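Here the structure is laid out as structure tokens; the discussion comes afterwards.
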Amino acid sequence: MITGKKREPAKWILSKELKDTNVMEDTHGEDQTKPYIITPLGTRVKRVIITGMITSKNVDDNLTKATIADNSGAFYISAFSSGYNAEAKFALDSMDLDSAVMVMGRVNPFKTEEGVFYFNINPEMVVRTESMGLEMWKSKAVWIALRKIYAIREALKAEDTDVNNLTSIGYSTEEAECAIRAKKHYHDYDFQEFSKIAEGVLKFSQEKNQNAELKELILAAIRKNDTDGKGCKYEDILSATLRDGVERVQVDEILNTLGSEGEVYEVSLKRFKAI
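Residue numbering for the sequence shown follows the numbering used here, beginning at 5 and increasing consecutively.
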């Protein structure tokens, strides 16, 4: 009886974690040409799941190259028209710059003679996502990364800390194994800096969601108070938003943003109309 080979699980990862990787673990047996990488957070991985915005794209008949940013850095994608993952190239080709996407694919590592690592992702699946979905997936990646960092900090407290020690205080087996690998290969890595960057990604996502909610609040106030067709008074916008604890400077910033995005325009001095 012939059985299919089990596929490697894909791991959620931030771009900084991949970029800072400098350990490549050779596999044994028939799969030697496809090595694992071990990231600074101890993630042992061949396949990844990433999310971000398409910031650049170069389309050719046989190959599409793209850059996807997630607020901690950038991923580099190479999608080919040949092979069983050709659908990923077609999906990527159909997307515009600044599209929010989720990508699952295989990491293709390259190490120069000088010991510098470069990583490319060959996508198996490319899916467009809405802005809210993008922030949710980024938050998931941050949460996974921060959990690993907490486990690493525990592992670094004692020389003889092992997986059992970490699982006994609440970490999963995956988190514990990652922490032990990170301790072995990246003992001098700046985990504090990584933590700050990851938390910054999370803060950016939260602020973006809050701004989206504030935009809807202000648009609703403008439409509701434009009773005579001459536009909503600025004071009415302030009254509607101040009740929700929104500061005046935030209102001004969102009005400017809505104006630049073509959502509202100033009919006359301090009177706004939604388009």
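Each residue gets a CB set at the ideal place from its N, CA and C atoms; glycine is no exception.
Only a predicted model underlies this, so the values are computations on that prediction, with no experimental measurement involved.
Inter-stretch contact at 8 Å, needing at least 3 Cβ pairs: the stretch 141 to 148 / the stretch 164 to 171: Cβ pair count under 8 Å is below three, so no.
Exposed unless 16 or more other CB atoms sit within 10 angstroms - verdict on Y175: Per the 10 Å Cβ criterion, buried.
Contacting residues, own chain, Cβ-Cβ under 6 Å from M28 (five flanking each side not counted): If we look at M28 and ignore the five residues flanking it on each side, its Cβ neighbours are P39, I41, P113.
Burial state of E21 (16 or more Cβ within 10 Å): By the neighbour-count rule (16 or more Cβ atoms within 10 Å), E21 is buried.
Contact check, G77 vs K23, beta carbons under 7 Å: For G77 and K23, yes; Cβs fall inside 7 Å.
For S82, the residue or residues it bridges with in DSSP: S82 is bridged to K69.
Residues near E291 by beta carbon distance below 8 Å, same chain, minus five either side: Nothing about residue 291 can be read from this structure; the chain reaches only from 5 to 279.
Own chain partners of A244 with C-beta closer than 6 Å, once the 5 adjacent residues on each side are dropped: Same-chain partners within the cutoff: A225.
Member of D74, S272, N62 whose CA lies at the smallest distance from the CA of L18: L18 has its Cα closest to that of D74, out of D74, S272, N62.
Alpha-carbon spacing of K187 relative to E239, whole angstroms: One C-alpha to the other measures close to 58 Å.
Given E267 as reference, the closest of L221, L242, R247, G249 once Cα atoms are compared: Per the Cα distances, L221.
Proximal residues to R227 (C-beta, below 8 Å), its chain only, five neighbours per side dropped: For R227, where only same-chain residues beyond five positions count, the Cβ hits under 8 Å are C236, A278.
Proximity below 7 Å, CB of L96 to CB of A83: Taking 7 Å as the cut-off, the Cβ atoms of L96 and A83 count as close.
Cα-Cα separation, E251 to D232: For E251 and D232, the distance between alpha carbons rounds to 27 Å.
Top-ranked residue by Cα proximity to L273, from K234, E265, E257: Per the C-alpha coordinates, the member of K234, E265, E257 positioned closest to L273 is K234.
R275: first and last residue of the uninterrupted beta strand (DSSP E) it sits in: Segment 275 to 278, the beta strand (DSSP E) holding R275.
Buried versus exposed call for T43 [16 or more other C-beta atoms within 10 Å across all chains shown]: It is buried - the Cβ of T43 has at least 16 other Cβ atoms within 10 Å.
Cut-off 6 Å between Cβ atoms - residues of its own chain near N26, not counting five sequence neighbours on either side: Counting only Cβ-Cβ distances below 6 Å, and skipping sequence neighbours, we find F121.
V253 versus N229 - alpha carbon distance: In this model, V253 and N229 are separated by some 20 Å (Cα to Cα).
Touch test, the stretch 57 to 72 against the stretch 184 to 200, Cβ-Cβ under 8 Å, three pairs minimum: Not touching, per the Cβ criterion.
Environment of E265 [buried if 16+ CB atoms lie within 10 Å]: Exposed, because fewer than 16 other Cβ atoms sit within 10 Å of the Cβ of E265.
DSSP beta-bridge partners of K38: Beta-bridge pairing links K38 to no other residue.
Per-residue DSSP class, three states only, for I54: Note: I54 maps to strand in three-state DSSP.
Pairwise C-alpha distance: T177 and K207: In this structure, the CA atom of K207 is about 28 Å from the CA atom of T177.
Beta-ladder partner(s) of V131, from DSSP: For V131, which the question treats as bridged, DSSP gives the partners M106.
For M106, the nearest candidate out of I173, T71, I156 (CA to CA): The shortest C-alpha separation from M106 is found at T71.
Through-space distance from E270 to F276, alpha-carbon basis: In this structure, the CA atom of F276 is about 4 Å from the CA atom of E270.
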